[in-house]
Every structure is written in C-alpha cells, then in structure tokens.
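Undergrad: Residue numbers (UniProt numbering): 1 to 191.
1. Short of 6 Å in beta carbon distance, which residues of its chain neighbour residue 135, apart from the five on each side in sequence? Order them along the chain.
2. Excluding the 5 residues flanking residue 62 on each side, which residues of the same chain have their C-beta closer than 7 Å to its C-beta?
3. Please classify residue 131 as buried or exposed, where buried requires at least 16 other C-beta atoms within 10 Å of its C-beta.
4. The beta strand (DSSP E) spanning residue 198 covers which residue range?
5. Is the Cβ-Cβ distance between residue 46 and residue 141 less than 8 Å?
6. Note down the Cα distance separating residue 117 from residue 124, rounded to an integer number of angstroms.
7. Is the beta carbon of residue 183 sitting closer than 8 Å to the one on residue 137?
8. Measure the beta-carbon distance from residue 160 to residue 180 and round it to whole angstroms, keeping in mind my assumption that it falls under 8 Å.
9. Using only the alpha-carbon positions, how far apart do residue 115 and residue 158 sit?
10. Is the CB of residue 134 under 8 Å away from at least one CB in chain C?
11. Can you tell me whether residue 142 is helix, strand or coil according to DSSP?
12. So if DSSP puts residue 51 in a beta bridge, which residue, or which two residues, is it bridged to?
13. Taking the alpha helix (DSSP H) that residue 34 falls in, what are its first and last residues?
14. Let me make sure I understand the geometry here. Which of 188, 177, 26 and 178 has the alpha-carbon closest to that of residue 171?
15. Classify residue 126 as helix, strand or coil using the three-state DSSP reduction.
16. Would you mind sorting residue 178 into buried or exposed? The rule is 16 or more other CB atoms within 10 Å of its CB.
Here you go:
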C-alpha cells in the first residue's frame, strides 16, 4: 500500500479520517536512570538534574547512591554570588552566608576585593577592583581558582570567555583595550 493510501482511513459511514499518531515511547524507568547516573561523574549528574524534574526527584530521593560522592568533594556545590555595592545602599545590602566546610579550596574573601567580569560554563572571571591586572578564574562546581599571568592589555572592554570544555577544566579568555589590542589567555597553554 502506498504512503498516500495509508494516511487516510475510511470510516464506516464512508468519510475519511486521519489515523492517530503512534503513542510516545514509554519513559525510561527511574531505577534504570539511577543505575546510569551511578556510573557518571558528578558534574554530568548535576547537568542532568538541571534538565528534568523527574531526574532531580530521583536523585534527591536516593541520597544513598549519590551522598558519598558529595561528601568526598566538600566544595562540589560551592556557589558564587555577588552584588555591585553602591555607597548609598551599603546598609541595605545583605550577604548570603554558607556554613564552613572542610576542604574548601575557594577563598570566598576574594569576592570582597574583586568583581566578576565574565562567566560561562560554570567558570567565573574575577578582576581585582583596584589592580585590574590581577585576574582570577574560578570554577563554581569544583571551587578551584587560578590566577592568570599579568596582561599586556589594559582590559577596557568586558572580558570574554571564548571556549570552555564540558568539564570546565580548560578555557580561553579574550581581553581587549580601547586601541583594540587583544590578548588571549589559554588554560591549556598556561599563558
């Protein structure tokens, strides 16, 4: 039977009707999802949990399967939050606190003297408020932070993270000044 003939079905009264589309495939069972997640790295599990309520619920309802991974890496879900302070509203600004953790690699005090200038893929670029040549890249998932070498360009334009790999381990940062001189920092090359 040709595809054109298959599309139309004749009803008992002689009229043609469109056939119903096939039903969607059944969802993947939650226990199978948990077995798959048990074999993934933590960053991938977090990305999957961010995409679906069903996945989030499955992970939150089975802390025994994932709790050991979180305990092993105390800085796993370290967050970075910031606000631009205005002297007129200093009394109105409140800070978000976090309970002290063991193995905390990210110095949260750096946020008092630095301002975020770019972010992408879980990485945040912080520039010192007084010395613009001191730039640090922080990974929000792992809590790791690394200083960049001093820039030969003043960085008048906003910094841009050009490429970030899936795990947030390597990146390229573009810095440009008013004269359109540019410099690219690469974490792979270390410069």
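Every residue gets a Cβ at the ideal spot worked out from N, C-alpha and C, and that includes glycine.
TA: With the structure as the only source:
1. In the chain shown, counting from the first residue as 1, residue 135 sits at position 135. 127 and 148.
2. The residue you call residue 62 lines up with position 62 of the chain shown. Closer than 7 Å at the Cβ level, and outside the excluded window around residue 62, lie 34.
3. The count along the chain shown starts at 1 and reaches residue 131 at position 131. Under this definition residue 131 is an exposed residue.
4. Only positions 1 to 191 of the chain appear in this structure, which leaves residue 198 out of reach.
5. Numbered from 1 along the chain shown, position 46 holds the residue referred to as residue 46. Numbered from 1 along the chain shown, position 141 holds the residue referred to as residue 141. It is a contact, given that the beta carbons lie within the stated cut-off.
6. Within the chain shown, the letter at position 117 stands for residue 117. Within the chain shown, the letter at position 124 stands for residue 124. The C-alpha of residue 124 is placed about 8 Å away from the C-alpha of residue 117.
7. On the chain shown, position 183 is the one that residue 183 refers to. On the chain shown, position 137 is the one that residue 137 refers to. In this structure, residue 137 does not lie closer than 8 Å to residue 183 by Cβ.
8. Walking along the chain shown from the start, residue 160 turns up at place 160. Walking along the chain shown from the start, residue 180 turns up at place 180. The pair is not a contact, with the Cβ atoms about 14 Å apart (cut-off 8 Å).
9. As a working note, residue 115 is residue 115 in the chain shown. As a working note, residue 158 is residue 158 in the chain shown. Each residue's Cα considered, the two are about 12 Å apart.
10. The structure shown contains no chain C; it holds only a single protein chain.
11. In the chain shown, the residue the question calls residue 142 occupies position 142. Coil.
12. In the chain shown, counting from the first residue as 1, residue 51 sits at position 51. Paired residue(s): none; residue 51 is not in a bridge.
13. Residue 34 sits at position 34 when you count from the first residue of the chain shown. Its alpha helix (DSSP H) spans residues 30 to 37.
14. Counting from 1 along the chain shown, the entry for residue 171 is found at position 171. Minimum Cα distance to residue 171 is reached at 188.
15. The residue you call residue 126 lines up with position 126 of the chain shown. The answer is strand: DSSP assigns residue 126 an E or B state.
16. Sequence index remark: in the chain shown, residue 178 carries index 178 (1-based). It is exposed - the Cβ of residue 178 has fewer than 16 other Cβ atoms within 10 Å.
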